[in-house]
Amino acid sequence: MNGNNQSVKHLYSYSSTKNNGVVMGTSEFPILRNDIDMKNAKLDLAKGYYSNLPQEYSEKYSSVYDAMIKSKSPGTTLRNALGGPEIVGWIGILEDLTLLGLNKFRGQTYRVRAQKHNGVIFLEKHLSRHNSKSPGEFKYMSQDEYMSHHLKHCMTTAPDGSIKNDELVDTTQGFYNAQTMDFSDGGHFIRFFYVSTVDALKEKDSKEFVVIKTHKGTMDPTFYVEKGIQYWTRCYFGGIKEMVIGLKKYNAIDGSQTKVDVIQITDDGKLKNEYAGKLKDECAGKLKDECIIDTDKVMKYIAKVFIRLNSQFDDPNVTSIDMLVGKDGGNGTKIVDFEPSSSNFIPLPEKFIAAFPKED
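UniProt numbering numbers the first residue of the sequence shown as 1 and each following residue consecutively.
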């Protein structure tokens with residue numbers, strides 16, 4: 001799935017759960033099941049939905065700092081502990097910048113906090129009012145959200161290899177890889193540290209990871225316009241070679257989505273089954289080619305954004321700013337802009353500052 005991409009550097013893996021906190025390594029990661037017919041699997045993804053609400057809200061972003069602290073070696077500087085980056089963020093912003101670079105971004109403009117500590121710029125997305133909950137609060141998932149969780153639940157086994165599909169879906173779990181990637185343009189070089197989400201190990205004790213996604217309907221041309229690009233981004237920047245997609249079918253009789261056709265896409269973007277040659281209208285060739293993604297264009301666009309961001313801190317008196325990501329409401333043109341920090345600026349966690357105190 002990651003094509004010719006050789007520049008993703010894996011630093012460490014960790015899991016975050018409500019009960020265990022942060023666990024370094026992949027010991028808690030689920031494993032992709034090998035006993036499922038990827039082409040003809042039929043699953044009831046809505047099963048358990050009405051008995052599985054509400055879910056406890058878990059703030060996943062704080063686990064990023066916990067993992068950084070746990071992975072730190074004694075005596076190392078902050079930058080060295082993170083693999084030498086100028087900027088720290090998450091894979092979602094790479095997804096949005098990819099869409100902007102290809103002029104396919106359709107989301108709402110949002111703000112990103114950027115603050116500098118020990119020579120490293122940290123990014124964190126501003127919370128909007130609808131998702132600004134605290135850990136321990138409860139929220140209701142949409143059926144689509146639940147079905148996505150349930151597909152992952154059905155397609156994987158527990159770390160010990162035991163299948164536990166009869167249990168309710170635990171949405172508080174998270175499985176992550178910490179990585180770096182280098183971006184360059186015009187002789188300027190930026191290293192970006194980010195965390196990507198994965199859904200399972202390819203096999204027990206393997207170093208290959210899998211993402212599991214859902215999509216309504218079929219993988220027609222409309223899929224490749226936006227969602228296909230988002231999924232490609234997750235794999236390309238995540239160093240993921242394999243993706244499982246569940247195509248959700250709507251049941252017109254009772255109004256419920258009760259069937260899913262599961263297909264598997266490998267690192268060359270092709271269907272992994274004997275019928276690949278017969279399904280050209282559904283998922284032809286490479287995902288990258290179907291999405292019409294110019295990788296060089298994307299990489300240079302992201303590099304330009306990060307170089308501009310880094311230059312905002314050339315003045316040593318500037319310690320924080322806001323970055324706007326999205327589209328100009330007036331004429332719809334893509335924008336990445338910068339402003340002074342807003343009044344609701346939130347500093348880095350105290351435990352993180354204590355672990356990485358100000359350096360000389």
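No residue lacks a Cβ here, since even glycine has one placed at the ideal position from N, Cα and C. Remember, it's a predicted structure, so these values are computed and weren't measured experimentally.
1. With a cut-off of 8 Å, do at least 3 Cβ pairs link the region 205-223 to the region 108-126?
2. Below 6 Å CB to CB, which residues in the same chain sit around Phe237 once its five sequence neighbours on both sides are set aside?
3. Secondary structure at Glu242, three-state DSSP: helix, strand or coil?
4. Could you check whether the region 225-232 touches the region 6-22, counting it as contact only if at least three pairs of C-beta atoms, one from each stretch, sit closer than 8 Å?
5. Compute the distance between the beta-carbons of Ala81 and Phe356, then report whether it is under 9 Å.
6. Which residues bound the beta strand (DSSP E) around Ile190?
7. Closest to Lys204 by C-alpha separation, out of Asn317, Asp185, Asn34, Ile245, would be which residue?
8. Rounded to a whole number of angstroms, what is the C-alpha to C-alpha distance between Ser16 and Gln179?
9. Span of the beta strand (DSSP E) holding Glu124?
10. On the DSSP bridge list, what partners appear for Asp322?
11. Please go through the same chain and pick out, in chain order, the residues whose beta-carbon is closer than 6 Å to the beta-carbon of Tyr224, but skip the five residues on each side of it.
12. Taking the C-alpha atoms as reference points, what is the distance between Gly326 and Lys104?
13. Quick check: the Cα distance between Asn165 and Met155, rounded to an integer number of angstroms?
14. For the alpha helix (DSSP H) that contains Gln179, what are its first and last residues?
15. How many angstroms separate the CA atom of Tyr146 from the CA atom of His153?
16. Which term fits Glu359, buried or exposed, when burial requires 16 or more other beta carbons within 10 angstroms of its beta carbon?
17. Going by DSSP in three states, Ser73 sits in which element: helix, strand or coil?
18. What's the C-alpha gap between Lys18 and Phe193?
19. Kindly list the residues whose CB is nearer than 6 Å to the CB of His149, restricted to its own chain and excluding five residues on each side of it in sequence; keep chain order.
20. Return the Cβ separation of Asn89 and Ile302 in integer angstroms, given the expectation that the two are a contact with Cβ distance under 8 Å.
21. Here's a check: name, in chain order, each residue in its chain whose Cβ is nearer than 8 Å to the Cβ of residue 372, leaving out the five neighbours to either side.
22. Helix, strand or coil for Leu99? Go by DSSP, reduced to three states.
23. By the three-class DSSP mapping on this structure, what secondary structure does Leu32 have?
24. Which stretch, first to last residue, makes up the beta strand (DSSP E) that contains Ile87?
So, from the listed chains and residues:
1. no
2. Ile91, Leu94
3. strand
4. no
5. yes
6. 188-197
7. Asn34
8. 17 Å
9. 120-125
10. Arg113, Glu339
11. Glu290, Cys291
12. 11 Å
13. 9 Å
14. It is not in any alpha helix (DSSP H) - Gln179 instead sits in the beta strand (DSSP E) that spans 174-185.
15. 10 Å
16. exposed
17. coil
18. 25 Å
19. Val169, Thr171
20. Note on identity: in this sequence residue 89 is Gly, with Asn being the wrong assignment. That pair is no contact at about 11 Å.
21. Limits of the chain in this structure are 1 at one end and 360 at the other, which puts residue 372 out of reach.
22. helix
23. strand
24. 87-90
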